[in-house]
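Asks: Numbering (mature numbering (1 follows the signal peptide of the UniProt record, and there is no 0)), first residue to last: -29 to -1, 1 to 600.
C-beta atoms are modelled at their ideal positions from N, C-alpha and C, and glycine is treated no differently.
In this text, all values refer to a predicted model and were calculated from it rather than measured experimentally.
Pasting in a structure now, in structure tokens, and then I'll have a few things to ask.
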């Protein structure tokens, strides 16, 4: 945490009271501990109990007035009081500079001259300390039974150094893993970001509070969930960008990630009561925050929020917090709503939005589909252009699709409920929500039978009735992308056709765009690049879809070449275009249905039946099936 951070300083820096530690020259007779580059309490026989020592094989290597030689070893002992509740060790930075520090100095954020004065005192004579030029590791540390807080800090004092200013040490040999009397561990201003995976094995299982402030961490340490007693995790002044749904430690009640680089926060911590996210890169308040039912304190200051839109539920959630740190200056936009749609959230005026995003339920090359709640009640599907692709061409095509949907009135076409936008590129189409998912998901379900059931016939009839309607326009409307993923189902298996982004009217004078549609469902003439195709291209795609309903499989999924390997998409398209391949039904498929599928899939478009004919024949086949039962 930077010195100006609004984070929980009462947790980050505990007062070190009653600590008595002196550097005492002591002659010892033992091996030279773990060497001159490792601080440890092991192998320090002759030092006082719990003393930290460095061992040298040559008296010339130990400098200063606290060096004593015994035989082949010279030792420096740093004694710790055996009654203190807090033990602090310091690693002076020496000449080490992290790449982050170098970048900050180059950017003019700070310089070495900044680390003097009352903010950065020199307390190395009061606490066990070493210079990073000499010491690069900390080994096993045995602590007094009274010690509950253990701290190692880079620098000359246990204070908040600027982000990136660290000492570089490696924690080894079990570190303090056996010190189960310790409940608080503070490792700050140290370059230990690369040791996160090993950290649970280096700390005692009793630890309840861990402070990893300014330790060059770039990923959230979800592995700390192995420490079952952990309640507070403090990671200010680091480089974390994402906390995703898998980055969860459900035991913690306090999480501080201030002054990181977070732009995504989707994790939900079931027991979290205090969350500090100040000074990050969030452009909107993460939706996951509203799922933290135990939350009472939230800090969001210092983020560049680009929207003031909140649902009523979100505004109520924030207003019900005991403490919310958020101000109008944290928003990069002004109010863009009428006064009647405004609300106050802890002294910040916001806009109450009609549409609340719940979760993403679909994604394509140029658009995504979200499940949304409209006016706090109705569930709808919101189709919108991808944020990273707001090209004028895509916006224009999306507007044309919306205009097309607005003209439809058929029970087997997904209904357009409305349109919403703030700016042109923020356009979204609000569609009826089909809670049964798409047809492909239904066919992938192991419980879905391959055999033709009344349910499957009803789905097929619903789809062809949608085509009858589209093809009845003058000029006829060609869907051009008929496939199982574009057939949506209700919970009672009512089927509706969706996604009209590539649909076009086919007049006598006009031509069609070559190659439009999804590969394995395309008619041969479309694959070949013909531009005079019409409604018969949809009929071919419907025939492919009938084979899906018969097999439950993606078209050509089991088709193999002479070498026994599955065919590539390019090979499949070439063979379909040249009339050498078409999808097939199972051998158990009834003759009438098999004949209908084959007629839909003939290479000559003029020989394919019309949608009205197919609708009639499917009903006859379904009726005959019912009579045979």
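Our contact map puts residue 135 next to residue 229 with C-beta atoms below 8 angstroms; I'd like the distance itself, whole angstroms only.
Replies: With a Cβ gap of about 15 angstroms, residue 135 and residue 229 do not count as contacting.
Asks: Using the C-alpha atoms, what's the distance from residue 191 back to residue 461?
Replies: Computed Cα separation, rounded: 40 angstroms.
Asks: Could you give the residue range of the alpha helix (DSSP H) that holds residue 542?
Replies: Looking at the DSSP string, the run of the alpha helix (DSSP H) that includes residue 542 is 540 to 548.
Asks: Which residues bound the alpha helix (DSSP H) around residue 537?
Replies: Looking at the DSSP string, residue 537 is not in any alpha helix (DSSP H), and its letter there is neither H nor E.
Asks: Hey, would you say residue 592 sits closer than 8 angstroms to residue 520, going by beta carbons?
Replies: Cβ atoms of residue 592 and residue 520: not closer than 8 angstroms.
Asks: From residue 9 to residue 146, what distance separates their C-alpha atoms?
Replies: Cα to Cα, the separation comes out at about 11 angstroms.
Asks: Comparing alpha-carbon positions, which option in 125, 354, 579, 389 lies nearest residue 86?
Replies: Residue 125 is the option with its Cα nearest to residue 86.
Asks: Which value, in whole angstroms, describes the spacing of the CA atoms of residue 177 and residue 211?
Replies: Using only the alpha carbons, I get a separation of about 26 angstroms.
Asks: How would you call residue -1, buried or exposed, if buried means at least 16 neighbouring beta carbons within 10 angstroms?
Replies: Any reading at residue -1 must be qualified, since the residue scores a pLDDT of 37, below 50, and its modelled position is unreliable; the value itself is stated next. When all chains shown are included, residue -1 counts as exposed.
Asks: Can you find at least 3 beta carbon pairs, one from the segment 547 to 557 and one from the segment 580 to 598, that sit closer than 8 angstroms?
Replies: Judged by Cβ distances under 8 angstroms, the segment 547 to 557 makes no contact with the segment 580 to 598, as fewer than three pairs qualify.
Asks: Return the CA-CA distance between residue 480 and residue 351, expressed in angstroms with no decimal places.
Replies: A caution first: residue 480 carries a pLDDT of 39, below 50, which makes its placement in the model too unreliable to give a value.
Asks: Can you tell me whether residue 134 is helix, strand or coil according to DSSP?
Replies: DSSP places residue 134 in coil when its eight states are reduced to three.
Asks: Let me check one thing: in DSSP terms, what residues is residue 221 bridge-paired to?
Replies: Answer is none; residue 221 lacks a bridge partner.
Asks: Quick one: which unbroken alpha helix (DSSP H) runs of 4-plus residues sit fully inside the segment 228 to 307? Chain order, please.
Replies: DSSP runs (the alpha helix (DSSP H)) wholly in the segment 228 to 307: 283 to 290.
Asks: Given a cut-off of 8 angstroms, decide if residue 56 and residue 119 are closer than it, judged by their beta-carbon atoms.
Replies: Their beta carbons are under 8 angstroms apart, which means residue 119 touches residue 56 by this criterion.
Asks: Grab me the residues of residue 438's own chain with a C-beta within less than 6 angstroms of its C-beta, minus the 5 sequence neighbours each way, in chain order.
Replies: Contacts found: 509, 582.
Asks: Between residue 249 and residue 198, how many whole angstroms is the CB-CB distance? I'm expecting something under 8 angstroms.
Replies: That pair is no contact at about 25 angstroms.
Asks: At what residue ranges does the segment 31 to 90 contain a whole run of the beta strand (DSSP E), taking only runs of 3 or more?
Replies: Counting only runs of 3 or more, we get 39 to 41, 44 to 51, 57 to 63.
Asks: Please give me, in chain order, every unbroken run of the beta strand (DSSP E) with length at least 3 that falls completely inside the segment 148 to 223.
Replies: The segment 148 to 223 contains these whole beta strand (DSSP E) runs: 155 to 159, 180 to 182, 203 to 205.
Asks: For residue 317, which residues in the same chain have their Cβ closer than 7 angstroms to its Cβ, ignoring the five residues on either side in sequence?
Replies: Cβ neighbours of residue 317 beyond the five flanking positions: 289, 290, 295, 297.
Asks: Counting Cβ pairs, one atom from each stretch, are 3 or more of them under 8 angstroms apart for the segment 137 to 144 and the segment 61 to 79?
Replies: The segment 137 to 144 is in contact with the segment 61 to 79.
Asks: Mind the definition here: the segment 341 to 349 touches the segment 325 to 333 only if three or more C-beta pairs lie below 8 angstroms; say whether that holds.
Replies: The segment 341 to 349 vs the segment 325 to 333: in contact.
Asks: If you measure from the beta carbon of residue 376 to each beta carbon in chain C, is any gap under 8 angstroms?
Replies: No chain C is present in this structure, which holds just one protein chain.
Asks: Could you check what DSSP says for residue 363 in three-state terms: helix, strand or coil?
Replies: In the structure shown, residue 363 sits in a helix (DSSP, three-state: H, G or I).
Asks: Return the CA-CA distance between residue 561 and residue 436, expressed in angstroms with no decimal places.
Replies: Using only the alpha carbons, I get a separation of about 22 angstroms.
Asks: Compare the Cα-Cα distances from residue 310 to each of 299, 322, 303 and report the closest residue.
Replies: Measuring from the Cα of residue 310, the nearest candidate turns out to be 322.
Asks: Considering only the beta carbon of each residue, do residue 468 and residue 492 sit closer than 8 angstroms?
Replies: No, they are not a contact pair.
Asks: Could you check the C-alpha separation between residue 308 and residue 496 for me, to the nearest Å?
Replies: For residue 308 and residue 496, the distance between alpha carbons rounds to 51 angstroms.
Asks: If you draw a straight line from the C-alpha of residue 338 to the C-alpha of residue 569, how long is it?
Replies: Roughly 34 angstroms separates the two Cα atoms.
Asks: Give me the Cα-Cα distance between residue 507 and residue 563, rounded to the nearest whole angstrom.
Replies: Looking at the two C-alpha atoms, the distance is approximately 20 angstroms.
Asks: According to the neighbour-count rule (16 or more other Cβ atoms, all chains shown, within 10 Å of its Cβ), is residue 354 buried or exposed?
Replies: The residue is buried, with at least 16 neighbouring Cβ atoms inside 10 Å.
Asks: Is residue 587 helix, strand or coil by DSSP?
Replies: Three-state result, residue 587: helix.
Asks: Do you know how far the Cα of residue 408 is from the Cα of residue 458?
Replies: Straight-line Cα distance between these residues: approximately 9 angstroms.
Asks: Does residue 392 pass the burial test, meaning 16 or more other C-beta atoms within 10 Å, or should it be called exposed?
Replies: So residue 392 counts as exposed.
Asks: Taking the DSSP output, what are the residues bridged to residue 407?
Replies: Residue 407 is not bridged to any residue.
Asks: May I ask you to list the residues that DSSP assigns as paired with residue 102?
Replies: The partner list for residue 102 (beta bridge, DSSP) reads 63.
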